[in-house]
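Residues in the sequence shown are numbered from 1274 upward in steps of one, following our numbering. C-beta atoms are modelled at their ideal positions from N, C-alpha and C, and glycine is treated no differently.
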Amino acid sequence: METTINRLIIKATNLEVGLEITIPAKIEIEGNTAISAGVLGNFLTNNNEEKLKIELNGNNLIVATNSSKTTIKSLSTEDFPIIPLVNEKESEKTKIETKEFISGLKSVVFSAATSDIKPEISSVYIYSQNGYIYFVATDSFRLSEKRVLIKNSSDFPRLIIPLKNVLEIIRVLEGVEDKEVDILADKHQISIISANIKLTSRVIDGVYPDYQQIMPKESKTEITLHKEELVNCLKMANIFSDRFNQIELKVKSQDEELVIESHNQDVGENVISLKGKITGPEIDLILNAKYILDCLPVIDNNIIEFKINEKNRPLLIKGPTDDFKYIVMPLNR
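And the structure:
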C-alpha cells in the first residue's frame, strides 16, 4: 500500500496473479507500508462506513472511522515482491470490451480440467486470429470454444492461463467499471489494464493440444431444438441417470423426434422426447447429461443445434452462429 498525490495505490500478489488498484484519496503525507491482505479484507468487508482515515504510526496502521478506531500491524515493504507488467513497447496491445473479455473466459472456464496433473488443460487457452480472440478450454471429455470480435487486429502470443488465475481474473474484472480494457501479453505473462486497475497473470510455458483436429468438420445428422425444452428434458432425464450422469440420445429422423432415455437401478428410469428439425440418418449416442447442460446457458439464443457425424465421434453443440462451439465425447456403453 502506498500513497502519492491524490491517490492511494493498493498492490497484492500471490506470485501467480498480481493486482494494482488506484483509488482517489486526499493525501496529506506520501508513504508506503505492507499489511496482511486477509486482515485488511476482513476489516473492509465488515466496515459499513463510507469514509476511512488511514495513518501510519511506526509499525502500526491506524484506520479511523466516525465510530471506530482500528490498529493493524504493518510489515516491511522490502520483501514485498515486485509485480511485473508486460512491457508495452515490446508487445502488441489489444483493446477489447471488458464485458466481452469476461464473457469469453466465463464461456469456457467450466470445461477446463480441475486437476493439475496436466497443467496445459487445467487452463484456458487464448489466441487471436482474423480479427477475433478465441478462448478455449477442455478436460479431454468436452471442449468449449468462444470467439470474440476485437477492434484492432494486433496479434499477441498464444497464451495458456492457469485455471485458478482465470477465476481470479474474472472476479476482478467483474468489478471494473471501464467499458474497455487493454490486453498486453508476452510468452511469460498477460497484463490487463484499465483506468484504475493493472492485473497481471503468469502463463504456462507449454503447448496447448491442437484441438482443431478433433473439431467436427462435417456432420451427417443435424438436429435443431428449442433450448428451454431441451434443458427441461435433460434435467428430467438426469434425475434418473447413474453416477456418471449417463443418458442415451436416440435420434428419430422420420418422426423428427429426439428421445432421451436414462436408467438408474436404485432410482428408476425415464424416457422423454422432444420435437425438433432433424436431417440425416438416425443415430444413438450415450452422453453425460451434465456436460450438455453446462454449455446451454452460454448459448445466447433460443435455438440449439446438435451436429453428429458418427456414433463414436464428438457431438457438436452450438447456436445459429459460430461464436460458441462445444463438443462432447460420447461415453462407452
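Asked, Found
"Taking 7 Å as the limit between beta carbons, can you name the residues of its chain near L1358, skipping five residues before and five after?", "S1464, K1471 and T1473"
"Can T1494 and P1554 be called in contact, C-beta distance under 8 Å?", "yes"
"Could you tell me which uninterrupted beta strand (DSSP E) segments, each at least 3 residues in length, are contained entirely in the segment 1338-1388, listed from first to last along the chain?", "1342-1348 and 1366-1370"
"Should P1593 go down as buried or exposed, given a rule of 16 or more other Cβ atoms within 10 Å for buried?", "exposed"
"Rounded to a whole number of angstroms, what is the C-alpha to C-alpha distance between V1504 and I1356?", "44 Å"
"Give the straight-line distance between the Cα atoms of N1543 and I1565, rounded to the nearest whole angstrom.", "17 Å"
"Return the chain-ordered list of same chain residues with a C-beta closer than 6 Å to the C-beta of K1419, the five sequence neighbours on each side being excluded.", "G1377, S1380, V1381, F1408 and F1597"
"Please tell me whether E1583 and K1591 are closer than 8 Å, where the distance is taken between their beta carbons.", "no"
"Touching or not, the segment 1426-1444 and the segment 1517-1525, by the rule of three or more beta carbon pairs under 8 Å?", "no"
"Which value, in whole angstroms, describes the spacing of the CA atoms of S1384 and M1488?", "15 Å"
"Nearest to E1450 by alpha carbon, out of I1375, V1397 and I1496?", "I1375"
"Considering only C-alpha positions, which residue in the set K1500, Q1462 and E1441 is nearest to D1478?", "Q1462"
"Assuming T1436 is part of the alpha helix (DSSP H), what are its boundary residues?", "Position check: residue 1436 holds Leu in this sequence, whereas Thr was assumed. Where L1436 is concerned, the enclosing alpha helix (DSSP H) stretches over L1436 to L1446."
"If you drop the 5 nearest sequence neighbours on each side, which residues of the same chain put their C-beta closer than 8 Å to that of F1513?", "S1535, H1536, N1537, V1540, G1541, E1542 and N1543"
"What would DSSP say about T1594, mapped onto helix, strand or coil?", "coil"
"Express the C-alpha separation of M1602 and E1529 in angstroms, rounding to a whole number.", "23 Å"
"Among the candidates I1442, G1311, N1469 and I1576, whose CA atom is the shortest distance from the CA of I1296?", "N1469"
"Can you name, in chain order, every residue of its own chain whose Cβ lies under 8 Å from the Cβ of N1511, other than the five neighbours on each side?", "N1518, I1520, S1535, A1562, K1563 and L1566"
"Tell me whether A1458 is buried or exposed, calling it buried when 16 or more other Cβ atoms sit within 10 Å of its Cβ.", "buried"
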